[in-house]
Amino acid sequence: MQWARHLGATVIATVSSDDKARIVERLGAHHVIVYSRDKFAEAVMQLTGGRGADVAYDAVGNDTFAGSLAALAVRGHLVSFGQASGPVGNWDIGRFASKSITVSRPNYAHYTDTPEKLGTHVTRFFQALRQGVIRVEAPTHYDLADAARAHRDLEDRRTTGALVLVPEA
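The sequence shown begins at 100 in this note's numbering and counts up by one.
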């Protein structure tokens with residue numbers, strides 16, 4: 100999100116709670132929609148004057164996939180890169196033709212499977228970090244003995260950012 104804004108994109112974020120809305124606002128989203136309360140596809144259409152989004156990045160999966168498709172502009176592209184709420188199921192790709200929508204499901208390992216490919220991403224990331232283009236929040240630490248609690252917190256959407264399990268000394 101921070102990088103997209105830096106590159107000139109208007110960032111519309113959708114999140115599951117008001118707490119997460121405050122976080123993405125702080126990180127630079129131009130607009131934030133709480134999808135557990137509002138129909139985010141309709142909100143995106145309203146924010147874009149009926150045009151829709153050129154690109155949607157969806158890591159949630161089942162709970163947001165249909166809305167992400169509906170929020171796209173003609174010739175929009177959906178990047179589905181996660182399924183935190185479950186698999187998206189089966190879709191008739193013929194339905195995508197009504198707006199010439201494209202969908203991709205990238206696997207990051209295919210973009211970083213050699214030192215050269217990984218090095219390009221690492222260099223760009225750390226350059227953006229040094230320049231202040233992106234800010235990384237401190238991770239949440241859990242004692243290794245509390246791994247089950249960390250998993251529950253993650254599954255119950257009580258976390259944001261990275262989680263780190265720390266072995267006991």
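Glycine residues also receive a C-beta, built at the ideal position from the N, C-alpha and C atoms.
query                                                                                            : result
Which listed residue (100, 214 and 202) has its alpha carbon closest to that of residue 179      : 202
Best match in 224, 241, 245 and 243 for proximity to residue 235 [C-alpha to C-alpha]            : 224
Coarse secondary structure for residue 219, derived from DSSP in three states                    : helix
Inter-residue spacing [alpha-carbon to alpha-carbon] between residue 182 and residue 156         : 12 Å
Backbone CA spacing between residue 184 and residue 115 [nearest angstrom]                       : 11 Å
Sequence ranges, beta strand (DSSP E) only - wholly within the region 121-194, length at least 3 : 130-133, 152-157 and 171-179
Whole-Å CB distance - residue 232 paired with residue 102, under 8 Å assumed                     : 6 Å
Through-space distance from residue 104 to residue 245, alpha-carbon basis                       : 36 Å
Residue(s) in a DSSP beta bridge with residue 262                                                : 239
DSSP three-state assignment for residue 227, whether helix, strand or coil                       : helix
Where residue 197 sits in the DSSP three-state scheme                                            : helix
At least three beta-carbon pairs within less than 8 Å, the region 138-147 to the region 170-178  : yes
C-alpha distance - residue 204 paired with residue 265, whole-angstrom precision                 : 32 Å
Helix, strand or coil at residue 247 [DSSP, three-state]                                         : helix
Residue 103 - DSSP class collapsed to helix/strand/coil                                          : helix
Minimum C-alpha distance to residue 136 - residue among 158, 162, 153 and 125                    : 162
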